[in-house]
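FYI, in the numbering used here the residues of the first sequence are 4 to 248.
Report on the structure given below.
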Amino acid sequence: SFTYTSLVHGLGRQGKIDEAYRFFERMLDEGHPPNAVVYTSLIKNFFMCGRIDDGHKIFKDMTRRQCKPDVTLYNTYMNCVLKEGDVKKGSEIFEEMKGCGYVPDVRTYSILMNGLIKAGEAQEAYKLYCAMKEQGCELDIHAYNITIHGFCKSGKVNKAYQLLEEMKVKGHPPTVISYGAVIDGLAKVDRLDEAYMLFEEAKAKGIALNVVVYSSLIDGFGKVGRIDEAYLIMEEMMQSGLNPN
RNA sequence: AGUGCAACAGGA
Numbered sequence: 004s005f006t007y008t009s010l011v012h013g014l015g016r017q018g019k020i021d022e023a024y025r026f027f028e029r030m031l032d033e034g035h036p037p038n039a040v041v042y043t044s045l046i047k048n049f050f051m052c053g054r055i056d057d058g059h060k061i062f063k064d065m066t067r068r069q070c071k072p073d074v075t076l077y078n079t080y081m082n083c084v085l086k087e088g089d090v091k092k093g094s095e096i097f098e099e100m101k102g103c104g105y106v107p108d109v110r111t112y113s114i115l116m117n118g119l120i121k122a123g124e125a126q127e128a129y130k131l132y133c134a135m136k137e138q139g140c141e142l143d144i145h146a147y148n149i150t151i152h153g154f155c156k157s158g159k160v161n162k163a164y165q166l167l168e169e170m171k172v173k174g175h176p177p178t179v180i181s182y183g184a185v186i187d188g189l190a191k192v193d194r195l196d197e198a199y200m201l202f203e204e205a206k207a208k209g210i211a212l213n214v215v216v217y218s219s220l221i222d223g224f225g226k227v228g229r230i231d232e233a234y235l236i237m238e239e240m241m242q243s244g245l246n247p248n
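Rendered as structure tokens:
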């Protein structure tokens, strides 16, 4: 099982999903029982190849063969359907998972929250954030970044800023993504001086800023007509070795 | 052996 699973995953991640699937069939033919790990890989890679229906079929096939899913498989499957924009199905998977007695972990919440936020349902995501905390589930870097993004998208930039501060005291130093999200949130509501201060703070901490963060600031300054400042930021970006895209 | 995060434009 381990040998075949490695092979199936290796081929799948290279986009050779049909070859991967053939080895999966061979694994079954040789009498090795399928497991949640190989199904996780197949589901993810069928979706990655745009073979959505086949991805769903794999999940059904798993249930038919009485192979028990686990939290990782549910997380993966949920992420796949959410990336397709199917929030309804994503929530259904979340409910099914809980209904079967699985306890959502920090990734489960992060994945579903991210899907909801992307679909413009930040208020639903906030409910999950509360549920996650109520469950006693500790936030990690990804969960913080997703939540920060959700607050920014729903006009609660101050809450986003608070979370950035919370990260510092809870032993999760904010990354370029955390700073980038708050900087973008501030810039989008024209709070450019505050955005710029955070930008300076991130630089002072030695965080390697990237084109995304610079673009947020350039867009913010440009949008309100502060073209000179936008231009200076772009020059600084190029001087730090980043090419405009 | 398998899972999660950020910007802008073309585009009304």
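By construction, the Cβ of each residue, glycine as well, lies at the ideal position given by its N, Cα and C atoms.
Please read these numbers as outputs of a predicted model, since none were measured by experiment.
Boundaries (first-last residue) of the alpha helix (DSSP H) holding residue i
{"i": "Ala211", "result": "Where Ala211 is concerned, there is no enclosing alpha helix (DSSP H), given that its DSSP letter is neither H nor E."}
{"i": "Val84", "result": "Val74 to Lys86"}
{"i": "His152", "result": "Ile144 to Lys156"}
{"i": "Val90", "result": "Val90 to Gly102"}
{"i": "Glu28", "result": "Ile20 to Asp32"}
{"i": "Gly118", "result": "Val109 to Lys121"}
{"i": "Asp231", "result": "Ile230 to Gln242"}
{"i": "Glu137", "result": "Ala125 to Glu137"}
Reference residue i; option with closest CA among the options
{"i": "Ile180", "options": "Gly174, Ile210, Gln165 and Val160", "result": "Ile210"}
{"i": "Gly58", "options": "Cys133, Thr43 and Pro72", "result": "Thr43"}
{"i": "Glu232", "options": "Leu220, Met241, Ser243 and Gln242", "result": "Leu220"}
{"i": "Lys47", "options": "Pro36, Lys86 and Glu33", "result": "Lys86"}
{"i": "Met51", "options": "Met65, Val74 and Thr79", "result": "Thr79"}
{"i": "Pro177", "options": "His35, Ala125, Ile144 and Val192", "result": "Ile144"}
{"i": "Gly34", "options": "Met237, Gly15, Ala125 and Tyr7", "result": "Tyr7"}
Cβ neighbour criterion (16 or more within 10 Å) applied to residue i
{"i": "Met135", "result": "buried"}
{"i": "Cys155", "result": "buried"}
{"i": "Met200", "result": "exposed"}
{"i": "Asp196", "result": "exposed"}
{"i": "Leu235", "result": "exposed"}
{"i": "Phe5", "result": "exposed"}
{"i": "Val160", "result": "buried"}
{"i": "Ile230", "result": "exposed"}
{"i": "Ser243", "result": "exposed"}
{"i": "Arg29", "result": "exposed"}
{"i": "Val106", "result": "exposed"}
{"i": "Met241", "result": "exposed"}
{"i": "Pro36", "result": "exposed"}
Whole-Å CB distance - residue i paired with residue j, under 8 Å assumed
{"i": "Leu45", "j": "Phe27", "result": "6 Å"}
{"i": "Ala198", "j": "Ala190", "result": "5 Å"}
{"i": "Ile96", "j": "Tyr112", "result": "So it is not a contact: roughly 13 Å between Cβ atoms."}
{"i": "Arg54", "j": "Ile20", "result": "7 Å"}
{"i": "Ala128", "j": "Gly153", "result": "5 Å"}
{"i": "Asp108", "j": "Cys140", "result": "7 Å"}
{"i": "Thr150", "j": "Met116", "result": "7 Å"}
{"i": "Ala23", "j": "Leu14", "result": "4 Å"}
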